[in-house]
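Chemist: Numbering (our numbering), first residue to last: 46 to 236.
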Amino acid sequence: MQTEKPKHTTDSTSSATVVFTPGAAAHAAETMRERLNRLWWLLALPVLGLAVAGAYDWRWLVVAAALLLTLYPFGIIIGWFSTMASRSAIMAVYPQQVAIMPDGRISITYQPLPPIDEDIEPSEAPHAICIPPAMMRDCELRKNRIILTFTHNSPIRRLIIPFTAFNPGNNAAIFYRIAINCLQTGIPRQK
Numbered sequence: 046m047q048t049e050k051p052k053h054t055t056d057s058t059s060s061a062t063v064v065f066t067p068g069a070a071a072h073a074a075e076t077m078r079e080r081l082n083r084l085w086w087l088l089a090l091p092v093l094g095l096a097v098a099g100a101y102d103w104r105w106l107v108v109a110a111a112l113l114l115t116l117y118p119f120g121i122i123i124g125w126f127s128t129m130a131s132r133s134a135i136m137a138v139y140p141q142q143v144a145i146m147p148d149g150r151i152s153i154t155y156q157p158l159p160p161i162d163e164d165i166e167p168s169e170a171p172h173a174i175c176i177p178p179a180m181m182r183d184c185e186l187r188k189n190r191i192i193l194t195f196t197h198n199s200p201i202r203r204l205i206i207p208f209t210a211f212n213p214g215n216n217a218a219i220f221y222r223i224a225i226n227c228l229q230t231g232i233p234r235q236k
């Protein structure tokens with residue numbers, strides 16, 4: 046793991062983004078989608094059991110409706126707030142630039158937050174991080190963004206790069222293809 050400031054340029058020949066801010070809500074939404082896709086059956090099991098019992102006594106259908114309309118939304122709100130407090134979501138608030146280095150590492154350079162009020166001092170940006178191919182876990186295209194999953198300082202983290210973060214001459218497909226090559230072989234291939 047290296048935390049030195051990576052040196053890269055953002056010209057059209059490099060695999061770099063412009064400075065962008067994905068936002069914490071994008072991370073929370075991806076985390077919630079992943080958890081619900083994995084555990085949907087666990088949520089459906091009590092409702093299914095109550096629906097079967099409702100075939101014999103209609104009051105169980107009322108309990109199933111109460112479960113769906115009160116308990117589940119409460120659990121989803123708690124899950125949403127816990128994912129909004131995750132390290133990946135907090136780091137997504139900072140403006141950042143992502144680049145694939147010639148040796149296959151992905152560098153993330155953070156910028157300080159813009160000042161909200163002139164009386165408040167601007168915050169300091171987090172240290173830049175470089176992710177070697179061995180720490181990359183997954184890279185996928187979803188909707189209008191590239192999602193790179195990696196480990197850095199032990200927890201699994203997620204980097205969300207919107208397609209709008211790429212210059213027209215340096216599009217997301219090239220970045221994605223290079224990231225997949227790094228993930229699979231550890232060697233970036235430009236062609």
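By construction, the Cβ of each residue, glycine as well, lies at the ideal position given by its N, Cα and C atoms.
DSSP state of Ile-205, grouped into three classes?
Modeler: DSSP places Ile-205 in strand when its eight states are reduced to three.
Chemist: Expressed to the nearest angstrom, what Euclidean distance is found between the alpha-carbon atoms of Phe-195 and Ala-217?
Modeler: Taking the straight line joining both Cα atoms gives about 19 angstroms.
Chemist: Who are the near neighbours of Tyr-221 in its chain, counting only those whose CB is closer than 8 angstroms to its CB and skipping five residues on each side?
Modeler: Excluding positions up to five away in sequence, the list reads Cys-184, Leu-186 and Ile-191.
Chemist: When the Cβ atoms of the segment 71-80 are set against those of the segment 149-157, are three or more pairs found closer than 8 angstroms?
Modeler: The answer is no - the segment 149-157 does not touch the segment 71-80, with fewer than three Cβ pairs under 8 angstroms.
Chemist: Provide the residue span of the beta strand (DSSP E) that contains Leu-193, from first to last.
Modeler: Looking at the DSSP string, the run of the beta strand (DSSP E) that includes Leu-193 is 190-196.
Chemist: In this structure, does DSSP put Thr-55 in helix, strand or coil?
Modeler: At Thr-55 the pLDDT is 41, less than 50, meaning the model places this residue with poor confidence and gives no usable figure here.
Chemist: What are the uninterrupted segments assigned as beta strand (DSSP E) that are 3 or more residues long and contained completely in the segment 95-144, given in chain order?
Modeler: The qualifying runs do not exist here; there are none.
Chemist: Is it the case that the Cβ atoms of Ala-96 and Trp-86 are separated by a distance below 9 angstroms?
Modeler: Contact: no.
Chemist: So, under 8 angstroms CB-CB, Ala-89 and Ala-137 are touching, yes? Tell me the CB distance rounded to an integer number of Å.
Modeler: With a Cβ gap of about 31 angstroms, Ala-89 and Ala-137 do not count as contacting.
Chemist: Which residues share a DSSP beta bridge with Ala-61?
Modeler: Its beta-bridge partners are Ala-144.
Chemist: Near Pro-207, which residues of its chain fall below 7 angstroms by C-beta distance, leaving aside the five closest residues on each side in sequence?
Modeler: Only Phe-65, Pro-67, Asn-189 and Arg-190 meet the Cβ criterion.
Chemist: Ala-71 and Ile-205: beta carbons closer than 9 angstroms?
Modeler: Yes, Cβ-Cβ distance for Ala-71 and Ile-205 is below 9 angstroms.
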